[in-house]
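Structure first, commentary second.
Numbering (the numbering used here), first residue to last: 498 to 842.
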């Protein structure tokens, strides 16, 4: 069994299959991860040039400026790996090259799809229904939440199904104001659902509220496939990791069956070939499409698994946006240390 990619999908496959006794080889385009060496959640602003800001004062991460994001092997631009976008597009691609992929950095938002998401056409005549429904997936949501740990509250909201939750952290000061305003408007305002621990789980301690989840967590108090799935899979002795291995294309035989993966060894810059009986492609939306489109043969002139012609189209990568507001009731108050995880409670 060969798995390409070590993020949420690849990490889950490796963890489950090695637990069942299957030998797995995992390809990762980045290096192996050492959380105590590589994660920077406790790095102080005075430890870096300009206290983590640009010379012009811009702050944190912004794809259009050289601002500072204290993380490991990830960013809006990767040396030696440029990409292009279509005319008029403002698409910005955050990529991570390290064991665990973007699960080391993402916001840990962990929502369940509802029947509204699986069957949109039945609801309003728009979109396309999935061939499966919420009831088919719910048991697997239960398993995932039990393993990784997700905070939340049971609210009985159809569009946001309840799950297997740990208690959510207390709301921050500004969130109490948001909740009060929402209640005046009749808008439900509930605790966020995030893969961050508020009580110990499987040897992982509860969050200590340093507030830097995006930098990675040495304590493994938030979910990353590296610490929660891949490292335990390594302990079984049934997982082999080929890091710095950039998958390029999939090779098939005359019957259309996958036989090999061609990848680039980034250490030696040599092309290598890995035989496989079964392949799981879990390299993220855009990277998986790249590999499939590269895998052209006489049987698959448009790339493997692309008889529809839509591979590489209609993709949704990780979506993010920014929002700010002025809160007059907080103006002029002394600063205080608001305990909490990074991001919204």
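Using N, Cα and C, we set each Cβ at its ideal position, and we do this for glycine too.
Around the CB of residue 795, fewer than 16 other CB atoms lie within 10 Å, so the residue is classed as exposed. Within the same chain, and ignoring the five residues on either side of residue 833 in sequence, no residue has its Cβ closer than 7 Å to its Cβ.
Taken atom to atom, the span from the alpha-carbon of residue 586 to that of residue 574 is near 17 Å. Under the DSSP assignment, residue 759 falls in the beta strand (DSSP E) whose first and last residues are 755–762.
In the DSSP assignment, residue 742 falls outside any alpha helix (DSSP H) and lies within the beta strand (DSSP E) extending over 742–749. Rounded to whole angstroms, the separation of the alpha carbons of residue 666 and residue 695 is 7 Å. For residue 501, the enclosing beta strand (DSSP E) begins and ends at 499–501. The residues 501 and 785, in chain order, have a CB closer than 6 Å to that of residue 778 in the same chain once the five nearest residues on each side in sequence are set aside. When secondary structure is reduced to three states using DSSP, residue 693 falls in the strand class.
In this structure, the CA atom of residue 811 is about 10 Å from the CA atom of residue 782. As computed with DSSP, residue 593 is found in a beta bridge with 571. Secondary structure at residue 709: coil, using DSSP grouped into helix, strand and coil. DSSP places residue 778 in the uninterrupted beta strand (DSSP E) bounded by 776–778.
Nearest neighbour of residue 615 by Cα position, chosen from 604, 608, 698 and 627, turns out to be 627.
In the same chain as residue 813, and ignoring 5 residues on each side of it, the C-beta atoms closer than 8 Å to its own belong to 782, in chain order. Ranked by how close their Cα comes to the Cα of residue 581, the residues 787, 679 and 745 have 787 in first place.
A distance of 9 Å or more separates the beta carbons of residue 742 and residue 719. Taking all protein chains in view, the Cβ of residue 663 is crowded by 16 or more other Cβ atoms within 10 Å, so the residue is classified as buried. In the three-state scheme derived from DSSP, where H, G and I count as helix and E and B as strand, residue 768 is classed as strand.
Per DSSP, residue 522 is one residue of the beta strand (DSSP E) stretching across 521–524. For residue 731, same chain residues with a beta-carbon under 8 Å away, outside a window of 5 residues either side, are 738 in chain order.
Taking the CA atoms as reference points, residue 528 sits about 45 Å from residue 684. Exposed is the label assigned to residue 654, since fewer than 16 other Cβ atoms lie within 10 Å of its Cβ. Taking residue 619 as the centre and dropping the five residues before and after it, the same chain places the C-beta of 626 closer than 7 Å to its C-beta, in chain order.
Between the alpha carbons of residue 746 and residue 763 lies a distance of about 15 Å.
For residue 830, DSSP records no beta bridge to any residue.
Per the Cβ contact rule, the region 822–832 is in contact with the region 667–679 (3 or more Cβ pairs under 8 Å). Taking residue 768 as the centre and dropping the five residues before and after it, the same chain places the C-beta of 759 and 761 closer than 7 Å to its C-beta, in chain order. Take residue 668, set aside five residues on each side of it, and the residues of its chain with a beta-carbon closer than 8 Å to its own are 676, 688 and 842, in chain order.
Taking all protein chains in view, the Cβ of residue 820 is surrounded by fewer than 16 other Cβ atoms within 10 Å, so the residue is classified as exposed. The C-alpha of residue 613 lies about 28 Å from the C-alpha of residue 802. Counting other Cβ atoms within 10 Å of its Cβ, residue 816 stays below 16 and is therefore classed as exposed.
For residue 681, there is no enclosing beta strand (DSSP E); the enclosing alpha helix (DSSP H) has its first and last residue at 670–682.
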